[in-house]
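If you want it as structure tokens, here you go:
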């Protein structure tokens, strides 16, 4: 039950953040969303009815290793993409019109790009 | 022979990834970059054709990776469908890379390496028979794509790249959640073990979640908006490359999952039919409103996804076969048209319909490439589009959805209208006075690696424009004042830039005349999807 609640809470917070303006908030939102999905996969392995694979325990009740392998892979991928997203937040900050202080210059950016003869 | 091929299957993924890694390490201007890049892609093409020949009679090749016991191992399986897709995707990649070499884009840092890694991911996604592995390969495809988008973005704005990464990451996360839920219900993500489990409502819902995420990547109607925004800001050659790979791999996954897990369950196929019809109508309509050659073509691409998905939604032997035929045709023709647009944009500095005009009398090769591509896209004989559309219309009528058959024909007329819009504005009409200035600006930008927002000195532009007018002979001896629309001196599209589009156009003509052979292959592929028992046996192990 606690796992299900965490998944729901993380997903809700993640979706809220992803829907915000501003790259940093979106990145944080995705971090939460991927956590939520990772927990979902752990839960998919039947975490509630499993036991720790320790001496004396029932080996048939040991935790399912496959979802753990899935999550491990997913974490690595999510990490890589978070780095890409963070790079985009830094590199593109000049034309990022989602931050409040640069919102005033939105019009200027559009003007310069059309003046320079660039298409669209 | 078959056994050797089976053992070598993982190489289709491993070799491009490994060689891509090598290219990351060797220097930026190392002569190995273009040679190894092109060599690997050609070798991949040769391998894909070999696979196609080996599976052309409906045989299956399977390899349990690392020789784990059957059912535990991740299987790589090739049937006719996968081999066809792999061949078509590699052709598009080879030709797009050839364009990148001609335009000099391949000289930017790590571009050949990124293309190779991208191809490794594509092969993996097409060959794997495991849903989680599919997720991983889709990510392997996407990461180099982010790189290609960012490195070759010359507009100095990252908004499109941000949008692309965010949309795809969201779709991937939802797909992963879907895969996790499938595991929760069935205890496996092996496609062979999941065969036919679509009857179970819980599995069906979990699979539908995964499929809806894939629909985002395929740019199906309600979630298609990202495609034209992001691909229009990418480098044109990258747009051509992506159009043949990303959306089509997503459509491949829809075909595969619909066939293996849902086994053509009529309720799901009706849902796909509705969405596909909406996609093809909306795409064709939206294209009419575009003022830029590339965005217009990109909406044709959205429309094409609708055509392709109609094929699977009919779920009859001929329906799927014509859908597969349409997919191959669409990859080739969209590549040809987008590469034509690339050549125009690269040379004239703009793809806007109101900025470029009068190409018909100046650029015979570009005109040829565009005419072949657009007539094929509309569906006129003797091009591949005719065979594809004819087969699809016939199959829809056979399957009893005459309305859809009519819709396909009506939408084709809208496609014709959109293509005529490009023809009327870009190819007909008089040259604008400032066309040389724009082209000169573009050449200076390319040479100095400037962004589109950077400002260039006016004298420099004039000097460059005059140089072009002096150095290029007029084709019909018309010499007027500078800025005279009848003056035929000046900028011209290089033959090496338009050659890639002509190659794809040639393939489209060949597929039009030799349509019967491809239809046979598509029919074989369709049989494999209608009756998945052989596929399942190959995945789980015989």
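Protein chains in written order, with the numbering used here: chain A, 106 to 225; chain B, 6 to 547.
Just so it is clear, CB atoms sit at the ideal spot from N, CA and C, and this is done for glycine as well.
The structure displayed is predicted, hence computed values, not measured ones.
Give the secondary structure of residue i by DSSP, where H, G and I count as helix, E and B as strand, and everything else as coil.
i	result
residue 195 of chain B	strand
residue 156 of chain A	strand
residue 64 of chain B	coil
residue 82 of chain B	strand
residue 464 of chain B	helix
residue 167 of chain A	strand
residue 529 of chain B	helix
residue 322 of chain B	helix
residue 173 of chain A	helix
residue 453 of chain B	helix
residue 539 of chain B	helix
residue 384 of chain B	coil
residue 297 of chain B	strand
residue 305 of chain B	helix
residue 103 of chain B	helix
residue 22 of chain B	helix
residue 446 of chain B	helix
residue 125 of chain A	coil
Work out the CA separation of residue j and residue i for me, nearest whole Å.
i	j	result
residue 246 of chain B	residue 102 of chain B	8 Å
residue 392 of chain B	residue 503 of chain B	25 Å
residue 530 of chain B	residue 274 of chain B	18 Å
residue 442 of chain B	residue 44 of chain B	38 Å
residue 287 of chain B	residue 233 of chain B	13 Å
residue 222 of chain A	residue 194 of chain A	Legend: pLDDT at residue 222 of chain A = 41, less than 50; position of this residue unreliable, no value from coordinates given.
residue 191 of chain A	residue 537 of chain B	43 Å
residue 272 of chain B	residue 265 of chain B	15 Å
residue 388 of chain B	residue 427 of chain B	19 Å
residue 258 of chain B	residue 129 of chain B	12 Å
residue 173 of chain A	residue 184 of chain A	16 Å
residue 511 of chain B	residue 461 of chain B	39 Å
residue 313 of chain B	residue 143 of chain B	20 Å
residue 65 of chain B	residue 73 of chain B	19 Å
residue 116 of chain A	residue 141 of chain A	6 Å
residue 125 of chain B	residue 301 of chain B	30 Å
residue 235 of chain B	residue 390 of chain B	26 Å
residue 539 of chain B	residue 153 of chain A	37 Å
residue 278 of chain B	residue 204 of chain B	19 Å
residue 149 of chain B	residue 24 of chain B	14 Å
residue 226 of chain B	residue 249 of chain B	19 Å
residue 320 of chain B	residue 397 of chain B	12 Å
residue 78 of chain B	residue 546 of chain B	9 Å
residue 423 of chain B	residue 179 of chain A	43 Å
residue 140 of chain B	residue 180 of chain B	7 Å
residue 104 of chain B	residue 394 of chain B	28 Å
residue 5 of chain B	residue 83 of chain B	Residue numbering for chain B in the displayed model covers 6 to 547; residue 5 of chain B lies beyond these limits and cannot be assessed.
residue 298 of chain B	residue 285 of chain B	19 Å
Does at least one heavy atom of the ligand NAD sit under 7 Å from the Cβ of residue i?
i	result
residue 163 of chain A	In the structure shown, the ligand NAD is absent, as is every other ligand, since no ligand is present at all.
* To do: Quick one: which residues of the stretch 113-142 of chain A get their C-beta closer than 9 Å to a C-beta of chain B? List them in chain order.
  => So the close ones are 116, 119, 123, 128, 131, 135, 138, 139, 141 and 142.
* Asked: Between the stretch 166-195 of chain A and chain B, which residues of the former have a C-beta closer than 7 Å to a C-beta of the latter?
  -> Taking 7 Å as the Cβ-Cβ cut-off, the stretch 166-195 of chain A approaches chain B at 172, 175, 178, 179, 182, 185, 186, 189, 190 and 193, given in chain order.
* Continuous beta strand (DSSP E) assignments of at least 3 residues falling wholly in the stretch 127-153 of chain B -> Here no run is fully enclosed.
* Are three or more beta carbon pairs between the stretch 204-217 of chain B and the stretch 85-97 of chain B nearer than 8 Å? -> no
* Asked: Three or more C-beta pairs closer than 8 Å, one from the stretch 516-532 of chain B and one from the stretch 404-420 of chain B: is that the case here?
  -> no
* Asked: Are at least three pairs of beta-carbons, each pair with one atom in the stretch 350-370 of chain B and one in the stretch 314-330 of chain B, less than 8 Å apart?
  -> no
* Mind listing, in chain order, the continuous alpha helix (DSSP H) runs of no fewer than 4 residues lying wholly within the stretch 340-382 of chain B? => 364-367
* At least three beta-carbon pairs within less than 8 Å, the stretch 62-80 of chain B to the stretch 29-41 of chain B -> no
* Cβ contact check for the stretch 378-386 of chain B and the stretch 351-366 of chain B: 3 or more pairs under 8 Å -> no
* Asked: Do three or more CB pairs link the stretch 178-190 of chain A to the stretch 168-176 of chain B at distances below 8 Å?
  -> yes
* To do: Taking a Cβ distance cut-off of 7 Å, strictly less, list which residues of the stretch 140-154 of chain B are near chain A, in chain order.
  => When C-beta distances to chain A are compared with 7 Å, the residues of the stretch 140-154 of chain B below that value are 141, 144, 148 and 151, in chain order.
* To do: Determine contact between the stretch 132-139 of chain B and the stretch 190-197 of chain B, defined as no fewer than three beta-carbon pairs at a distance below 8 Å.
  => yes
* Going along the chain, which residues of the stretch 179-190 of chain B sit with their C-beta nearer than 9 Å to a C-beta in chain A? -> 179, 181, 182, 184, 185, 186, 187, 188, 189 and 190
* To do: Using a Cβ-Cβ cut-off of less than 7 Å, give me the residues of the stretch 427-456 of chain B that come near chain A, in sequence order.
  => 443 and 446
* Taking three-plus beta-carbon pairs below 8 Å as touching, is the stretch 334-349 of chain B in contact with the stretch 234-253 of chain B? -> yes
* Asked: Can you list the alpha helix (DSSP H) stretches of 4 or more residues lying completely in the stretch 171-223 of chain B, in chain order?
  -> 206-223
* Asked: Which of the residues in the stretch 116-140 of chain B, read from start to end, lie with their CB under 7 Å from any CB of chain A?
  -> 137
* **Positions along the stretch 233-260 of chain B whose CB lies within less than 7 Å of some CB in chain A** => 237
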